[in-house]
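Each number in this note's numbering comes from the position in the sequence shown (counting from 1) with 1357 added on.
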Amino acid sequence: MRPAIASILTGVREDTVSGCSEMTSKLLQNLRSLLNTNRTITRAEWQEFVGELRDARPGMAPFHNIANMIEAKASDPALTNWNDAMADMVDEVLQELMNSASEISEKFLGLVQGGKFLTISYSSTVMSTLLREARDNEIMVYVAESLPLGEGRTTVKKLASHRIHTRLITDSMIGSVIDEVDCCIVGADAITKNGVLNKVGTRALAATCMTAGKSFYVLSSEIKIANITSIDLKRATKMHDGFTDMSQIFELTPLDLVDTIVTDKRVLSPTSLVWK
């Protein structure tokens, strides 16, 4: 594999800070830069890249879907200029992704009433939506810190930098503040038939919403919907003197705990999803 392609994969593997949407945007931008300077990549190289991409982030639906698109182009015998076709596909998906946050925000804000929100971790899509709402209305946002990585702190700092009222809470306080908010919103790394893949704590948040009678919304671009089953939840254990310390980064939240999914293309109930 040529170094320029390998470096893209290295960036995917080593990014532990960006949200799923941001990682997808970086991947597409890097692919576009690669194709802007090189149209001699062989079918075999693309096939190798697809396999490595799936292994690098097996639970991220956008990477799964992008890998499928690349594979389809690379294996199509009717395409003589497959790199040109790749470039067109990358540009199209990148444009859709760039527009998705505003499309999702517009759809979501047309649904909700009230300005007190509860979220967890960090999602660029959720962030965009909250900033959009704060332009016209005063809002309050409670943010669960999302251990073990604690990305909720990133959310709080970004909201505070825009002078938005925000409160950082421990994950265990979700039940204590649920009656103080109007609804809960989260992003997603993937929406699968087995549930919504997001950071640990999302399932507890969704279950708390159900018992408290609060709506639970998942904001996600359409490219994050995928029929994938191989998901790495990033569970780790560490032995101590007499006990085992266990941690986990991701989890699946069952679809029956989700009230509404808002994508850039539609607003839907999880029961209306069709899996191919």
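For each residue, glycine too, the CB sits at the ideal point set by N, CA and C. Computed from a prediction, not measured in an experiment: that's the story for all the values here.
Nearest in C-alpha terms to Lys1622, of all of Glu1579, Glu1495, Thr1437, is Glu1579. Under the three-state reduction of DSSP output, Gly1416 falls in the coil class, being neither helix nor strand.
C-alpha of Ala1361 to C-alpha of Gly1544: approximately 31 Å in a straight line. Annotation for Ala1517: the continuous alpha helix (DSSP H) segment containing it runs 1509-1518. Asp1445 is not a Cβ neighbour of Trp1439, given a cutoff of 8 Å.
Selection Val1447, Val1619, Thr1476 evaluated against Leu1392 yields Val1447 as nearest (Cα-Cα). When rounded, the separation of the alpha-carbon atoms in Thr1482 and Asp1598 is 42 Å. Val1369: member of the alpha helix (DSSP H) spanning 1360-1371, first to last residue. Each of Asp1493, Leu1385, Lys1571, Leu1612 was checked against the Cα of Arg1560, and the nearest Cα belongs to Leu1612. With distances taken between CA atoms, Ala1563 lies nearest to Asp1528 out of Val1407, Ser1518, Glu1405, Asp1528.
For Val1575, the three-state secondary structure derived from DSSP is strand. Bounds of the beta strand (DSSP E) holding Phe1474 are 1473-1477.
Shortest Cα-Cα distance from Met1530 to any of Lys1514, Asp1539, Val1500, Ala1547 involves Val1500. Put simply, of Ile1461, Thr1523, Ala1424, Gln1452 the residue whose alpha carbon is nearest the alpha carbon of Phe1474 is Thr1523.
A residue is called buried once 16 or more other Cβ atoms fall within 10 Å of its Cβ, and Thr1437, having fewer, is exposed. Using a Cβ distance threshold of 8 Å, Leu1506 and Val1498 do not count as a contacting pair. In the DSSP assignment, Glu1490 falls outside any beta strand (DSSP E) and lies within the alpha helix (DSSP H) extending over 1481-1493. Distances from the CA of Leu1451 to each of Arg1389, Arg1400, Arg1592 were compared; the closest alpha carbon is that of Arg1389.
The continuous alpha helix (DSSP H) containing Val1534 extends over residues 1531-1534. Here DSSP, grouped into helix, strand and coil, assigns Arg1623 to coil.
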